[in-house]
Amino acid sequence: MEIRDLTPEDLDDVLDLRKRSFGPLSADDRERWRKAVLPALGEGRYLGAFDGARLAAAARLRRFTQWWHGKPQPMAGVAGVTVNPEDRGLGVGTAIMRAVVNRAAELGDAVSALFPATTAIYRGVGYEHAGAQYNVRLPAESLRGIRPQAQVKLRRMGPGDAAELMAVLHRVHGAARSSGPISWDEDTWNLWLANEDDFLYLADDGYAVYRWKGDAMEVENIVAASPETLRALWSLVGSASTIAREVVASVAPDDPVLWLLRERTKEQVQQVRWMFRVLDVATAVARRGFPSHVTCEAVVTVDDPIRGGGTWRLDISGGSGAATPVEQPGVTLSVNGFSALYAGIPARTLRLAGLMTGHDGYDQALDAAFAAKPYMLDYF
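Structure follows, in structure tokens:
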């Protein structure tokens with residue numbers, strides 16, 4: 003089995019592979035998919051596993067920005083991992099995922115994330131469960147009472163507004179010290195902003211992306227930095243409450259809109275889990291944000307069979323961190339365990355799950371430094 007970069011000539015075979023794995027795409031969706039993946043081909047971000055000339059599996063690395071405690075860094079989002087039915091169970095999926103991990107690191111990404119169809123294959127190459135996309139289902143009438151308290155200037159978005167939208171995301175997630183949310187690259191945003199069935203609104207400090215889905219309203223993104231903009235954007239959705247029965251919205255687990263509702267009793271929340279992997283310990287620590295009040299140090303040994311492990315002294319201070327190679331005993335984690343720790347999973351949980359062993363004197367410091375409540379608004 004040979005693993006190599008895909009080319010435009012391979013795309014028909016990739017579409018056949020996708021159909022056998024995820025179901026058929028409409029003609030419009032196939033064309034949109036081709037436009038979205040072409041840049042990845044030229045960047046070395048789409049890999050295929052070939053048995054001779056026959057495509058057996060494929061995987062794509064998407065270019066994302068991801069925030070950790072309000073600090074953005076590049077992130078490799080793994081998507082479109084597909085294996086032909088006749089090649090499943092033969093180790094092909096694991097082989098292409100090992101290649102994906104190495105390619106992501108070669109491209110300069112220190113962290114990676116994915117939405118798993120199954121846990122085992124991704125856990126086997128170092129990914130671990132870290133957070134979720136929280137989709138809450140609300141009666142549409144529950145939003146009717148949300149009213150703007152001040153005039154907020156809103157305008158409709160379209161292709162060409164991606165740069166301004168991305169600037170808003172940087173301001174909002176930085177100020178909120180968010181952990182986990184992502185931003186698409188500018189080309190992909192411009193592609194999504196051309197969708198005529200979406201309702202797209204932009205403010206100086208927020209934006210909304212929502213649409214009809216049957217007789218319900220589906221909110222993909224509402225992001226706002228101020229109370230006024232938050233109310234203005236949600237009131238747009240609430241204005242459809244005389245027609246829409248329900249609103250299904252992707253929200254943060256502590257999204258402020260949930261505190262604007264007049265009544266909250268039983269809520270239906272679907273958690274779509276995502277997994278996370280650290281590719282380069284030192285770079286990932288240097289790129290992450292940390293609580294500014296935390297000053298601590300810890301020694302961690304990380305076992306990473308694919309990227310190579312080691313022992314580092316972590317120094318956290320003033321909202322920043324550094325990882326320096328050392329030779330001394332400390333806490334020991336698999337790469338899965340360190341990835342989960344990085345995403346805010348408590349040391350106690352990791353120890354009970356067998357992902358963390360050894361010296362426990364650093365546990366409280368690590369919990370304080372990496373504390374996070376990670377989430378995503380976007381599925382990929």
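In this text, residue positions in the sequence shown follow the working numbering: the first is 3, and each later residue adds one. Quick reminder that beta carbons are idealized off the backbone N, C-alpha and C, glycines included. Just so we're clear, the structure is a prediction, and the values are computed from it rather than from any experiment.
Query	Result
Arg32: first and last residue of the uninterrupted alpha helix (DSSP H) it sits in	29-44
Spatial neighbours of Asp217 in its chain, beta-carbon cut-off 7 Å, leaving aside the 5 residues before and after	Ala246, Arg247
Cut-off 8 Å between Cβ atoms - residues of its own chain near Gly311, not counting five sequence neighbours on either side	Thr303, Val304, Asp305, Val337
Segments of 4+ residues assigned as alpha helix (DSSP H) that fall wholly inside the stretch 183-241	188-194, 229-240
Expected contact under 8 Å - CB spacing of Met99 and Val83 to nearest Å	7 Å
Three-pair Cβ contact test at 8 Å for the stretch 40-54 versus the stretch 20-30	no
Whole-angstrom C-beta distance between Met168 and Ser180, which should lie under 8 Å	Contact doesn't hold; Cβ gap of about 14 Å is too wide.
Contact belief for Ala342 with Glu130 at Cβ below 8 Å, rounded distance in angstroms	4 Å
Sequence-distant residues of the same chain with beta carbon closer than 7 Å to Ala134, five excluded per side	Gln273, Val274, Arg275, Trp276, Tyr377
Contact the stretch 155-168 vs the stretch 257-273: 3+ CB pairs below 8 Å	no
Outcome for Asp14 when other beta-carbon atoms lying within 10 angstroms are tallied against a minimum of 16	exposed
Whole alpha helix (DSSP H) elements within the stretch 43-127, 4-residue minimum	94-108, 121-125
Same chain, Cβ closer than 6 Å to Asp207, five either side skipped, listed in chain order	Ala227, Ser228, Thr231
Limits of the unbroken alpha helix (DSSP H) element including His172	164-178
Residue from Ala164, Gly323, Glu299 whose Cα sits closest to the Cα of Leu193	Ala164
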